[in-house]
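Numbering (this note's numbering), first residue to last: 8 to 282.
Written below as structure tokens is the structure these notes are about.
Here it is, written out as structure tokens:
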């Protein structure tokens, strides 16, 4: 789990959802609990979490406003497409937005290059099911009909007669998170990464690990301090720990994590440092 994330890498993730090769998990031994006061992982984590949550809240508010507008325009046609296009432009990490009918079938998609998705049935997506039950929902990282993996944020669309369907905004979490990580880390040499509560990695300095599980990545360290910390990250919303990554070289590290999310879907944001 030794990661020295670099500014160049985060820029690549932010612009192209790509990264550079990192290193694998290290063997580690516990370090006695120490105070978190003054550890830069905590201030960096606070900035990281604040930025991500603020962005998620803004996207949620925008999707809610789009749902209100679509209640007036209808789910398809020029008016609906204008609403969807504006919604898709909300962030560099939101490539497209769609509307769907009460059966979960896409009836409009924007920008134009995503119109091929019209007609696809997305009823199985958890965010779509939530919207069709009248509540907003954020999916975990899933295979999308657009042809890539991401998450989707859906809100119900109501008209004068009731539930008309819904609107869904596609989000590329690795791109969103990388942009916020850039702003949070400054010039510090720290590792910033993120996982879903099921252990799926959604940000890492090694792009090949995105989509893998944290359990897989730490499979060589079940008896290590890092293996224990990994399990604690998944089970505990926030925390701080210290560990020894290399007994011979005397390399010690610290790690802190916190939780952000929307509508019951949570992401663990993690910052760690070796010294």
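Quick reminder that beta carbons are idealized off the backbone N, C-alpha and C, glycines included.
To the nearest angstrom, how far is the alpha carbon of residue i from that of residue j?
i, j, result
"residue 269", "residue 63", "7 angstroms"
"residue 132", "residue 146", "7 angstroms"
"residue 111", "residue 66", "21 angstroms"
"residue 251", "residue 279", "12 angstroms"
"residue 73", "residue 99", "18 angstroms"
"residue 271", "residue 196", "32 angstroms"
"residue 220", "residue 206", "5 angstroms"
"residue 108", "residue 69", "20 angstroms"
"residue 49", "residue 103", "34 angstroms"
"residue 5", "residue 244", "Any property of residue 5 remains undetermined from this structure, which presents the chain solely from 8 to 282."
"residue 178", "residue 260", "32 angstroms"
"residue 203", "residue 47", "23 angstroms"
"residue 171", "residue 158", "23 angstroms"
"residue 218", "residue 184", "14 angstroms"
Along the chain, where does the alpha helix (DSSP H) containing residue i start, and where does it finish?
i, result
"residue 63", "47–80"
"residue 184", "180–192"
Here's a check: name, in chain order, each residue in its chain whose Cβ is nearer than 7 angstroms to the Cβ of residue i, leaving out the five neighbours to either side.
i, result
"residue 161", "134, 135, 137, 138, 143, 144, 173, 174, 175"
"residue 115", "82, 83, 87, 88, 91, 105, 106, 125"
Mind checking whether residue i and residue j have CB atoms under 7 angstroms apart?
i, j, result
"residue 210", "residue 181", "yes"
"residue 190", "residue 163", "no"
"residue 277", "residue 60", "no"
In the DSSP assignment, find the beta strand (DSSP E) that holds residue i and state where it starts and stops.
i, result
"residue 279", "272–281"
"residue 163", "156–166"
In this structure, does DSSP put residue i in helix, strand or coil?
i, result
"residue 115", "strand"
"residue 93", "helix"
"residue 134", "helix"
"residue 212", "coil"
"residue 176", "strand"
"residue 153", "coil"
Who are the Cβ neighbours of residue i in its own chain at under 6 angstroms, not counting the five residues just before and after it?
i, result
"residue 127", "113, 152"
"residue 248", "236, 262"
"residue 101", "95, 176, 178"
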